[in-house]
Amino acid sequence: MSAIIPAPLFVLEMANNHMGDVEHGLSVIRAFGEVCRDFPFRFAFKLQYRDLDTFIHPAARGRDDIKYVKRFSETRLSRPDFDRLVDAMREAGFMTMATPFDEPSVDVIEAQNLDFIKIASCSFTDWPLLERVVLSAKPIIASTAGASLDQIDRVVSFLMHRHKDFAILHCVGEYPTPDEHMHLSQIDFLRNRYPNVRIGFSTHENPDHTDIVKLAVAKGVTLFEKHVGVPTEKYPQNAYSASPAQVRAWLEAAQHAWVLCGEGETRLPPNPEEANSLRSLQRGVFARRAITAGETIQREDVYYAFPPQVGQFTANDWSKYAELTSTTAIAQDAAVAPNNALYKDGRARVWDIAQRVKALLERTHIVVPGSADLEVSHHYGLDRFDEFGLVLITVVNRCYCKKLLVILPGQSHPEQYHKVKEETFHVVYGEITLVLDGVSSVCQPGDVVTIEPGTRHAFSSKDGAVIEEISTSHNTDDSFYTDETIMANKQRKSLLTYWMD
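Quick note: the sequence shown uses UniProt numbering, first residue 1, plus one each step.
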């Protein structure tokens with residue numbers, strides 16, 4: 001069974017830094033094992049595989065004037081040597097990984113049962129190699145240095161259509177990479193373009209620099225790759241590979257960055273110290289006049305002043321959703337608090353209504369623009385919404401207007417009329433009983449009814465319904481209810497914008 005790419009995962013790339021000396025390679029693995037065991041992350045150690053007898057063209061073999069031919073030849077290891085390195089990686093607690101540069105090397109990876117396959121930037125569009133790699137069940141991590149957008153699109157599509165577990169890495173193929181060429185914002189670009197793909201970071205900066213990993217963590221990266229090695233008198237270190245001490249500093253920087261970034265998937269509640277500090281700076285609610293027990297406390301009955309008393313209601317608690325009722329007499333200038341008033345917040349009720357409407361729309365496959373405002377009409381108050389009420393979703397309101405009217409099961413909309421607006425009801429879901437100037441009729445999906453200005457209209461639904469309303473421009477002062485009680489209720493509407501999520 002193939003491994004899943006964990007998060008976070010730090011990949012330590014030895015490449016050819018074993019120097020063709022298996023004992024040196026073993027010492028490198030063990031040295032980094034000592035470092036990594038001090039951190040609460042998952043780690044993979046990575047090798048590079050080439051079948052040199054077929055990888056290098058016959059005419060180029062033994063050529064010391066070709067840089068990489070010389071390097072690959074001088075650092076050749078046998079298959080038993082690589083097996084020893086893989087065993088040491090596992091013994092040190094590392095997951096195992098290798099980069100194949102040719103098809104026979106994929107066979108070796110499968111035979112060794114390594115955890116992951118890495119696609120190097122130079123092989124990112126090596127289609128014969130990719131076709132062999134995707135035959136394996138191993139998760140794939142691919143670097144994108146030097147790849148065009150079209151090439152990345154094609155590789156991502158290729159891997160997704162084959163249902164592979166894969167990630168791509170932002171990478172710059174300069175060794176070491178100067179700061180001005182890091183372009184860390186490419187991480188954001190890749191995450192936005194491929195929202196269902198894991199985006200990581202393969203880093204080749206000066207290994208003494210630790211700010212870059214902090215920035216990558218802040219951008220949400222949880223998959224990192226870095227070249228590593230252990231310098232000795234015999235084997236000096238190159239300019240982009242990190243020593244054990246440098247990797248320790250790099251990991252400490254990443255760990256500190258995660259502490260600084262904290263939780264970002266959800267909005268966190270304030271911690272107690274933060275909440276207490278902020279509350280002490282709020283204005284308290286005080287009685288403007290003497291209030292008797294049992295009164296509904298209105299806005300004109302109170303004033304707000306600093307400093308607040310411990311535990312009293314503050315201006316931050318007061319809103320159009322709040323309802324306060326005095327439970328005992330409250331003296332003028334006294335604090336309004338839980339010991340003398342009952343506080344009810346209608347926000348949860350409004351949010352519950354929004355979720356019920358959203359569920360009905362999803363069930364009926366009616367698609368609503370994400371930016372559409374939702375208006376909850378509670379003509380006799382939220383407590384009676386399930387009996388009398390309506391939810392209106394405004395799609396557009398210009399010289400013409402389009403709304404969706406959602407009637408939940410068992411609801412009625414009280415009788416009203418408009419002096420200016422003409423509207424047409426198109427029933428798109430459910431059944432409604434429509435009453436026009438006292439005459440009742442049943443309307444079903446597909447029925448269209450035009451309501452002219454001045455026509456009194458009321459409607460209800462036993463099982464719930466959705467009406468598409470097309471009208472002339474809607475004016476907030478052009479709705480007149482025949483029940484004066486409703487007209488006197490100035491708080492009969494609640495608006496929500498961010499309700500679709």
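The beta-carbon is built from N, C-alpha and C at its ideal position, and this holds for glycine as well.
Keep in mind the model is a prediction, meaning the values are calculated, not measured.
Nonlocal neighbours in the same chain, by C-beta distance under 6 Å from residue i, ignoring five residues either side
i           : result
S461        : I407, G430, I432
Q491        : K320
A88         : L26, I29
G346        : Y321, L382
R275        : The sequence shown places Ala at residue 275, not Arg. Within the same chain, A275 has no close Cβ partners at all.
L12         : F32, F45, V228
residue 570 : Nothing can be reported for residue 570: it is not among the residues displayed for the chain, which extend from 1 to 501.
F43         : F10, C36, F94
Y159        : Note on residue identity: the sequence assigns Leu, not Tyr, to residue 159. Around L159: F166.
Y380        : F388
Q112        : V86
Proximity to residue i [Cα-Cα], best of the options
i    : options                : result
R289 : R299, S280, G200, R283 : R299
A239 : H18, T476, G33, P207   : P207
E415 : H426, E422, V435, K421 : V435
K419 : T472, I393, D179, A315 : T472
F385 : I393, L361, P369, A354 : A354
T328 : L361, Y343, W351, I291 : I291
T450 : I470, D477, D150, F459 : I470
S243 : E273, T266, N271, H209 : H209
L149 : R248, L392, N16, F124  : F124
S440 : V395, A458, L260       : A458
Delimiting residues of the alpha helix (DSSP H) encompassing residue i
i           : result
I366        : Premise fails: I366 is in no alpha helix (DSSP H) and is neither H nor E.
F82         : 79-91
P272        : 272-279
residue 502 : Nothing about residue 502 can be reported from this structure: the residues present for the chain run from 1 to 501 only.
L268        : Looking at the DSSP string, L268 is not in any alpha helix (DSSP H), and its letter there is neither H nor E.
T144        : Here T144 belongs to no alpha helix (DSSP H), and DSSP marks it neither H nor E.
Check whether residue i and residue j have beta carbons under 7 Å apart
i           : j    : result
F313        : V336 : yes
M95         : K118 : no
D53         : D102 : no
A167        : R198 : yes
Y235        : H204 : no
E468        : H426 : yes
E387        : E422 : no
N316        : I330 : no
V221        : A253 : no
A334        : A293 : no
N17         : S241 : yes
residue 503 : V391 : Because residue 503 is not part of the residues shown, which for the chain are 1 to 501, the question remains open.
Start and end residues, beta strand (DSSP E) containing residue i
i    : result
D373 : 373-377
P8   : P8 -> no beta strand (DSSP E), and no H or E assigned at all.
F201 : 198-203
I291 : Premise fails: I291 is in no beta strand (DSSP E) and is neither H nor E.
G430 : 423-430
K403 : 400-407
E252 : Element bounds for E252: not the beta strand (DSSP E) but the alpha helix (DSSP H), 244-261.
D345 : 341-345
I119 : 116-119
S471 : 465-472
T325 : 322-326
I451 : 448-451
Q48  : 42-49
Close beta carbons around residue i, own chain, < 8 Å, minus the five adjacent residues each side
i    : result
L295 : Rather than Leu, the amino acid found at residue 295 in this sequence is Glu. Around E295: D301, T325, S326.
K493 : E375, V376, S377, H378
I366 : L404, V428, Y429, V466
V134 : I140, F158, L159, R162, K164
G20  : E74, T75, R76, L77
L169 : I141, A142, S143, T144, I199, G200, F201, S202, L223, E225
Residues near residue i by beta carbon distance below 7 Å, same chain, minus five either side
i    : result
D437 : T455, R456
M1   : Bear in mind that a pLDDT of 41 at M1, under 50, signals an unreliable position, so the number given afterwards is only what the model happens to contain. None.
W318 : V285
Y194 : V156
Residue i in three-state terms, based on DSSP
i           : result
residue 533 : Because the chain here runs from 1 to 501, residue 533 falls outside it and cannot be looked at.
Y68         : helix
D153        : helix
H18         : coil
N397        : strand
I4          : coil
T222        : coil
M160        : helix
A167        : strand
T497        : coil
T54         : helix
P231        : coil
Q237        : coil
F459        : strand
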